[in-house]
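Here UniProt numbering is used: the first residue of the sequence shown is 1, the next is one more, and so on.
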Amino acid sequence: GVREYEQHLLCHLGEALSLGGQLEEAEMRYRRVLEVGEAIGAMGAMARAQEGLAEIAFKGGDAETATKLLRDAYEHAATVESRFLAGEIALLRGRVHQSQGHSQVAAEWYERTIKWGQDASCPHLVVMGQYGLACVVGTGDSQVRLKTAQSLLKAQVEGLDSALVEGYCSIADRGAIHLGTLPEAATIRR
């Protein structure tokens, strides 16, 4: 109905505002999505809003709040069996844990990202999960994971218009995968 449509629009608006650096405005939109979601029981949109709020918290350096929001978001996404959304949330959870120096926990979330990506037939999640693992696992396995991410990325973006490639993954992540660079912390991007 109308309220579900309102939630979807607010989520998209929140994401656009967040990408544009208008974090307070984005947070207001995401909080409204949560209000509507609680009223109508729309778990998927609530998970998306919690993910957006977690990303804002993470960008602001509040990993603890991001972790709490992502825990709830992951439960909601898994409840409604939204494979793609669960994979995106798992990816962000991996990045949050990676930023805190929790390599083992980050690796577990990157493994989940790959699984959800495979289940959702979403090669982007598989690439980003492999890249995340390359950033946190031991040296030998790291190069194997990186080469896997490189070949998957190349196969997926080959022949695509550059405008489509832009939205595929962040320029920093795409460049790092292509060049074989393993940063201490991957950039924030779905």
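Think of the CB as a built atom: it goes at the ideal place given N, C-alpha and C, for glycine as much as any other residue. Please read all numbers here as calculations on a predicted model, not as lab measurements.
Item	Value
Take the Cβ of HIS76 as the centre, count every other Cβ of all protein chains shown within 10 Å, and call the residue buried at 16 or more, exposed below.	buried
Give the single residue among LEU146, LEU34, TRP109, LEU10 whose Cα lies nearest to the Cα of VAL127.	LEU146
If you reduce the DSSP assignment to three classes, tell me which class TYR5 lands in.	helix
For VAL96, count neighbouring Cβ atoms within 10 angstroms of its own Cβ and tell me buried if that reaches 16, exposed if not.	buried
Decide yes or no for the touch test of the region 14-25 against the region 61-70: beta carbon pairs closer than 8 Å, at least 3 of them.	no
Do you know how far the Cα of ALA73 is from the Cα of residue 199?	Limits of the chain in this structure are 1 at one end and 190 at the other, which puts residue 199 out of reach.
Excluding five sequence neighbours on each side, which residues of the same chain lie with their C-beta closer than 6 Å to the C-beta of ARG3?	VAL36, ILE40
Determine the contact status of residue 192 and ARG71, defining contact as a CB-CB distance below 7 Å.	The shown model of the chain, from 1 to 190, leaves out residue 192, and the question about it has no answer.
Looking only at its own chain, which residues have a Cβ that is under 7 Å from the Cβ of THR113, when we skip the five neighbours before and after it?	GLY87, ALA90, LEU91, GLY94, LEU125, MET128, GLY129, GLY132
What's the C-alpha gap between SER142 and SER103?	12 Å
For ALA149 and GLU27, I'd like the C-alpha separation in whole angstroms.	32 Å
Please state whether DSSP places ILE188 in a helix, a strand or coil.	With a pLDDT of 38 at ILE188, under the threshold of 50, the modelled position of this residue cannot be trusted, and the question is left open.
With 16 other CB atoms within 10 Å as the buried threshold, where does LEU85 fall?	buried
Hey, quick one: how far does the alpha helix (DSSP H) through ASP62 stretch, first residue to last?	Segment: none, ASP62 is in no alpha helix (DSSP H) and carries neither H nor E.
Quick check on the DSSP output: the alpha helix (DSSP H) that includes CYS135 runs from which residue to which?	123-136
Rank GLY140, TYR110, GLN50 by C-alpha distance to the C-alpha of HIS12 and give the top, closest one.	GLN50
Using the Cα positions of ALA185 and GLU108, report the straight-line distance between them to the nearest angstrom.	Note on ALA185: pLDDT 44, under 50, position unreliable in the model; the coordinate value appears next. Rounded to the nearest angstrom, the two C-alpha atoms are 16 Å apart.
Using a 10 Å radius around the Cβ and a threshold of 16 neighbouring Cβ atoms, would you call ALA106 buried or exposed?	buried
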